Amino acid sequence: MGWLARCRTQAVALMFLAALALSGNAAARTVLRFDASRQPVMLHDAGEAWVDDTGKAQVQDVAASTTIPWAPTGDDTIYRLDKGQALWIRFTVPPTPTTERWYLDVPYPGVDRVTLYAQNAAGAWTSRSAGDHVPISEWPVPHREPILPLTVSPQSERVHLLRIQNGTIFGAPLQFVSDSQLGRTEQTISLMLGIYFGLVLLAVILATAGAITLRDPGYTLYVISAVLMALTQGTITGLAGLHLWGDWPWWNDMAPQVMPLFAIASLQLFFAEVVSLRERSRLLHRLLVAGAALSLPLAIYLVVTPNVMERLHLIVVYFVSATVVGYGVVIWAAQRGDRYAPWLLVGSTPVGIGAMFPIARAAGLIPIGFWTTHGMQVAIALELPILLLVLAMRSQHRREHVRRIQGLDRIDPATGLINAAVFHERLVRLITRSQRLKFRSAMLIVDIGNIDQVRRQFDAESARELTLRVAGRLLSVAREIDTVARLSEHRFGVLLEGPLHADEVAEAGPRIVARCLMPFKGRPLEWSAHVRVAQALIPMDGTDPSQLIGRLEALLAGAPADSRRSVFMLARSSVPAALSPT
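Residues in the sequence shown are numbered consecutively from 38, following our numbering.
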């Protein structure tokens, strides 16, 4: 019996401790206090929430009912309102001085309708409404998101009821702000949005200029995608509804669902253009274009279908699918050596990460917060300059490629020097100028005499490299006004623009020979160029270009193979007095 008594005493003690713990938890609920020095004032669990499954309850019935199962509110609580349900939230405003107005801030620009009820002095319930289903001009405070004035009294508490309709889900931390705090917060958000939209405008202007001057479709698609993404962010943040279509409630409600479809479709087409998907795979390009074009009928279906949850599911599925396909195409191109695909991945990765937040919010996984509303703007601000840089690199490389293709009939592709045909044209003009202005110029033919020896001692690749190195040495010796050309596999031509003095002509050939004999860094001494130079004066040695070139080539061909002489000059009988050095 003593043992049973002790057990009974311990059980009573445990029950008492549990009751104390429960009462302690209940007492730990937040008490709403309006402190102007600590804003915003969060509702936390100071309110009570109830979901009206019928969506038809009136404020008088809700206020008078004693059977409603109210539950504490929470900042992270997500309520499903997809079947015409309405969310009711009850909270009590403490006695507050009337020196400054206070507002309920619902940080959810896309909410359908929120209505705040308060009792006036006569006991009647008055209401103020805001949301996408209400024209901005009828909001009590026109703003990017619903801002509803509170009814406060310095002597007594005031009970408020908030009715929320959204058609899908609702999860936003309710907060209270005063006039001064509302102005400071709006200035901060306006600064951030101004920076973002200013960056978008700058990028659009630069890309438009590139599209007009360069006629590159990549810039055009960049402009379209940047504008559509900016409009999408304008709808998500409520800025577009405030300034563009605030008095069109129907479109203000549909724009956040339709605009992202067009934005992601345009981004897909931009990626396909940058990585040259049409040239790499016509089939894959057609499939991607068809997927992007699907956004138009899907948008029409979203507009006409009344099922809000079905619209939400279609948006999430299309957005995720299009994002995966877009990244897949870029990765596929990167694996096949596309030089711009890695940069696209770097630039679009922040957007891919930022897009997870609004998608998760739309799917009901996380509540409304800073990153669900503004995360994409931060990501796009990082993406736009990188993509514009990729376009600039792409355009520059394409212009260089076009110049090379157009210059193949005039330029040697291996060395970048002009070819024999252009050398002949310039020689004709040089002879004409020398005759008209009566000054001395010079022409040199340079042969690599030991090219066969290098090929035997090393290999064919070394012989080709030696030819390129000799071309570089000739360019380093020539002046800016001189001409260096590649006439054949191991023969070069040099035109020295006059007027030249006799000593300049005499030093030209030996200077080239000495420069080419210098050893190359990282190569053995045997790997050097032994060149032979045939030289002619213009116009003293002749005025026929083909004849001059033929005579110099014959001079080099007739030189003994074992000769130690490296510079050869045409023999001439006399020099006209008018062309003698001054």
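Where a beta carbon is used, it is the ideal one built from N, C-alpha and C, also for glycine. As the structure is a computational prediction, the values presented were derived from the model and not from experiment.
* Asked: Should the region 217-229 be regarded as contacting the region 357-366, the criterion being three or more beta carbon pairs within less than 8 Å?
  -> no
* Ignoring anything shorter than 3 residues or poking outside the region 528-603, list the beta strand (DSSP E) runs there in chain order. => Given a length threshold of 3 residues, each whole run of the beta strand (DSSP E) inside the region 528-603 is given here in chain order: 528-533 and 568-575.
* To do: Pull up the distance between the alpha-carbon of Val568 and that of Thr504, whole angstroms please.
  => Their Cα atoms are separated by approximately 11 Å.
* N- and C-terminal bounds of the beta strand (DSSP E) containing Thr154 -> In the sequence as presented, Thr is not what sits at residue 154; that position holds Tyr. Arg150 to Gln156 is the span of the beta strand (DSSP E), which, as asked, contains Tyr154.
* To do: Output yes or no for whether 8 Å exceeds the beta carbon distance between Ala522 and Ala479.
  => no
* To do: Look at the alpha carbon of Val604 and the alpha carbon of Ile482, and state the distance between them as a whole number of angstroms.
  => 10 Å
* Any idea if Ile455 is buried or exposed, counting beta-carbon neighbours within 10 angstroms, 16 or more meaning buried? -> buried
* Three or more C-beta pairs below 8 Å linking the region 310-323 and the region 260-274 -> no
* To do: Check whether the Cβ atoms of Ala108 and Trp125 sit closer than 8 Å, and answer yes or no.
  => no
* Unbroken beta strand (DSSP E) run spanning Ala212, endpoints -> Checking the displayed sequence, the identity of residue 212 turns out to be Gln instead of Ala. First-last of the beta strand (DSSP E) with Gln212: Gln212 to Ser215.
* To do: Would you mind stating whether Gly283 and Ile390 have Cβ atoms separated by less than 8 Å?
  => No, the pair does not count as a contact, with Cβ atoms beyond the cut-off.
* Asked: Smallest Cα separation from Gln294: which of Val260, Leu333, Ala263 and Leu320?
  -> Leu333
* Sort out for me which residues DSSP pairs Tyr140 with in a bridge. => Pro186 and Val214
* Do we get a CB-CB distance below 8 Å when we pair Pro183 with the residues of chain B? -> Structure shown: chain B not included; a single protein chain is present.
* **Distance, Thr269 Cα to Ala292 Cα** => 8 Å
* **Identity of the residues DSSP links to Thr250 by a beta bridge** => Under the DSSP definition of a beta bridge, Thr250 lacks any partner.
* Contact under 8 Å by Cβ, Ile405 with Ala83 -> no
* Are at least three pairs of beta-carbons, each pair with one atom in the region 110-128 and one in the region 177-188, less than 8 Å apart? -> no
* Candidates Trp162, Gln494 and Trp380: closest to Ala101 by CA position -> Trp162
* According to DSSP, which residues form a beta bridge with Arg117? -> Ile206
* Asked: Rounded to the nearest angstrom, how far is the Cβ of Pro183 from that of Val148, given a contact under 8 Å?
  -> 6 Å
* Asked: Which same chain residues, not among the five before or five after Ala500, have their C-beta less than 7 Å away from its C-beta?
  -> Excluding residues within five positions, the ones whose Cβ falls inside 7 Å are Ile488, Val491 and Arg492.
* Helix, strand or coil at Asp489 according to DSSP, with G and I counted as helix -> helix
* **Complete runs of the alpha helix (DSSP H) confined to the region 344-388 [at least 4 residues]** => 345-372
* Asked: Are there 16 or more other CB atoms within 10 angstroms of the CB of Ala42, so buried, or fewer, so exposed?
  -> At Ala42, the pLDDT of 48 sits below 50, so the modelled position is not reliable; the number obtained from the coordinates is stated separately. By the neighbour-count rule (16 or more Cβ atoms within 10 Å), Ala42 is not buried but exposed.
* Backbone CA spacing between Arg138 and Val189 [nearest angstrom] -> Cα-Cα distance, rounded: 8 Å.
* Asked: How would you call Val91, buried or exposed, if buried means at least 16 neighbouring beta carbons within 10 angstroms?
  -> Just to set this straight, residue 91 is Thr in the shown sequence, not Val. When all chains shown are included, Thr91 counts as exposed.
* To do: Could you please give the first and the last residue of the uninterrupted beta strand (DSSP E) stretch that includes Asp89?
  => Glu85 to Asp89
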